[in-house]
């Protein structure tokens, strides 16, 4: 019996580790696909894709998975047609939420997105209902260190529209058209780039209490666990 219990524990730990790895892989795949859709499938000319591939390799993602993600995002998978769909709605506390998806079955995707909103007392809205609260921007998150001054100087010289300073990171924003040039310039400083993408940034954030914030986070987590969902944006402070 002791042996059985030990094996059960080992299986439980392995299952948790596999789930953790699965989430890491899912994020890596979505980062690759977002980069492809924003800048094309060639990593030599798409700095965001190059970094996304490097991050995927760093978590030991197989090359076949990386190639499949690139092919899916660029529409090169034979016999499968993917379509980009964006869903808008309100989460708990009136938090505005935008959900970007890439799907081969719109009915399946919208049903899953609606279910997530309904489960956490949110509501799926019509096109344009919350999109006006967001602006499309390039966002590069850099780990702070001894290169901060150089990174900020390079950023300002290469199209950064804003630099937000936090305790552990610099968040550098740009217009989408300047993103790739800016990212390539920051790469050359050898600073550690944690995240880089063109996405939606809320132009007016709202405060909610801790209980509501937890519900919003659980809604976002459920949405992000869906393979069809590429990105989730919100305006919660």
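In this note's numbering, the protein residues as written are 204 to 440. The beta carbon of each residue, even a glycine, is placed where N, CA and C say it ideally should be.
In this structure, DSSP gives residue 373 an extended state, which the three-state scheme calls strand.
Restricted to the region 300–381, the beta strand (DSSP E) segments that are unbroken, complete and at least 3 residues in length are 337–346, 363–368, 372–377, listed in chain order. DSSP, reduced to helix, strand and coil, places residue 266 within a helical segment of the structure shown. DSSP places residue 286 within a strand segment (E or B) once states are collapsed to three.
About 5 Å separates the CB atoms of residue 404 and residue 340; that is less than 8 Å, so the two are in contact.
Close CB contacts of residue 438 within its chain, under the 7 Å cut and outside five residues either way in sequence, are with 298, 299, 336, 405, 407, 408, 409 (chain order). Burial is judged here by how many other beta carbons sit within 10 angstroms of a residue's own beta carbon; residue 292 has at least 16 and is buried. For residue 405, the enclosing beta strand (DSSP E) has its first and last residue at 396–405.
If you draw a straight line from the Cα of residue 310 to the Cα of residue 284, it comes to about 14 Å. Residue environment: residue 324 is assigned as exposed (fewer than 16 neighbouring CB atoms within 10 Å of its CB, all protein chains considered). Burial state of residue 369 is exposed, judged by a 10 Å Cβ sphere holding fewer than 16 other Cβ atoms. If you look at residue 419, you'll find it in the alpha helix (DSSP H) that goes 413–427.
8 Å or more divides the Cβ of residue 427 from the Cβ of residue 395.
Looking only at 371, 372, 414, 359, the smallest Cα-Cα distance to residue 382 is reached by 359.
DSSP, read as helix, strand or coil, puts residue 243 in coil. Using a 10 angstroms sphere on the CB of residue 356, the tally of other CB atoms stays under 16, which defines it as exposed. A residue is called buried once 16 or more other Cβ atoms fall within 10 Å of its Cβ, and residue 315 is buried on that count. Spatial neighbours of residue 372 in its own chain (CB-CB distance under 7 Å, excluding positions within 5 residues in sequence) are listed in chain order as 344, 345, 346, 347, 397.
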